[in-house]
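> One structure follows; several queries about it will come next.
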Amino acid sequence: MTWKFEHSMATSAKKQIIWELYSRVESWTIWDHGIESASLEGEFKEGVNGKIKSEGQELSNFKITFADPDKGFSNETIIDNLGAKIEFIHTFSSLADGKTQLTTRIIVDCPDRYEMEKGIGNGLSNGVPETMENLARTAVLIEKICRSG
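Okay, here's the thing in C-alpha cells:
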C-alpha cells in the first residue's frame, strides 16, 4: 500500500540559500524542530548514507537518493520491522515573480495500511508546513545577514 503527502509554498528566499540549508545535514535541527540530530557519512550527494533521530523516535538510517543544487534532493528510509520504505522529496524552483517555490513530498510504502496511514504518514506530515516555513524564514534571515555584512 502507498500513502502520499505533498505541501508547497512560495518564499522570497533564493534557492541557493535553500540548497545550502538542505545540504548541511547537521544543521537541519535549526529549522526542523522535529529532528534531534542528523548526520551524513560523506558529501551531500546521491548514494551517501546518513543517520537521523526524530523527536521521540529511535535513530534511523537514511540514504540520499537524489541531489541537485538547482532542483533539490530526496532521501529514503527503510523501517525493517514494518517492512516500510519512506521517501522524502524536497524540490525548489524559481517562480516568474522572483520567488522560490518549495515542495515537500512524502511517499510511504508499507504493507500494513493502518500503520502506514495513522502511524507513519500522519506523524511525518503533521509538521511539514511549519518546518517549511522555518526553512524559508531561516534562509531569508541568512540572506539579510549576508547582505548587511
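Last residue of the sequence shown: 149 (my numbering), numbering continuous.
Beta carbons are placed, not taken as given, at the ideal position from N, Cα and C, and that holds for glycine.
1. Rounded to the nearest angstrom, what separates W3 and F66 at their Cα positions?
2. Go through the region 69-99 residue by residue and report every complete run of the beta strand (DSSP E) that reaches 3 residues or more, in order.
3. Compute the Euclidean distance between the alpha carbons of G72 and G123, then round it to the nearest angstrom.
4. Helix, strand or coil for R105 per DSSP?
5. According to DSSP, what are the bridge partners of G50?
6. Could you give the DSSP three-state label for S12: helix, strand or coil?
7. Report, in whole angstroms, the separation of the C-beta atoms of I79 and I86, which I expect to be a contact under 8 Å.
8. Can you tell me whether DSSP reads K4 as helix, strand or coil?
9. Per the contact definition of three or more C-beta pairs closer than 8 Å, is the region 11-25 in contact with the region 131-148?
10. Quick check on the burial criterion: 16 or more other C-beta atoms within 10 angstroms. Buried or exposed for S74?
11. Excluding the 5 residues flanking E6 on each side, which residues of the same chain have their C-beta closer than 6 Å to its C-beta?
12. Since I35 sits in a beta bridge, which residues does DSSP pair it with?
13. Which one of G34, M1 and Y22 has the shortest CA to CA distance from T138?
A quick look at the data gives this:
1. Translated into the one-based positions of the sequence shown, residue 3 becomes position 3. Translated into the one-based positions of the sequence shown, residue 66 becomes position 66. Going from the Cα of W3 to the Cα of F66 covers about 20 Å.
2. You should have 72-79 and 84-94.
3. Stepping through the sequence shown from its first residue, residue 72 is reached at position 72. Stepping through the sequence shown from its first residue, residue 123 is reached at position 123. Cα-Cα distance, rounded: 23 Å.
4. Here residue 105 corresponds to residue number 105 of the sequence shown, with the count starting at 1. In the structure shown, the three-state DSSP call for R105 is strand.
5. In the sequence shown, counting from the first residue as 1, residue 50 sits at position 50. Its beta-bridge partners are L40 and F62.
6. For the purposes of this step, residue 12 is taken as residue 12 along the sequence shown, with counting starting at 1. DSSP places S12 in coil when its eight states are reduced to three.
7. As a working note, residue 79 is residue 79 in the sequence shown. As a working note, residue 86 is residue 86 in the sequence shown. Right, the Cβ-Cβ distance comes to about 7 Å (below 8 Å), so this counts as a contact.
8. Looking up residue 4 in the sequence shown gives position 4. In the structure shown, K4 sits in a strand (DSSP, three-state: E or B).
9. Proximity of the region 131-148 to the region 11-25 meets the contact definition, three or more beta-carbon pairs being nearer than 8 Å.
10. To locate residue 74, count along the sequence shown from 1; it is residue 74. S74 is buried by the Cβ-count criterion.
11. Taking the sequence shown and counting its residues from 1, one reaches residue 6 at position 6. Once the five neighbours on either side are set aside, the close Cβ partners of E6 are R105.
12. Indexing the sequence shown from 1 puts residue 35 at position 35. DSSP output for I35 lists S54 as bridge partner(s).
13. Residue mapping note: residue 138 aligns to position 138 of the sequence shown, counting from 1. Among G34, M1 and Y22, the Cα nearest to that of T138 is on Y22.
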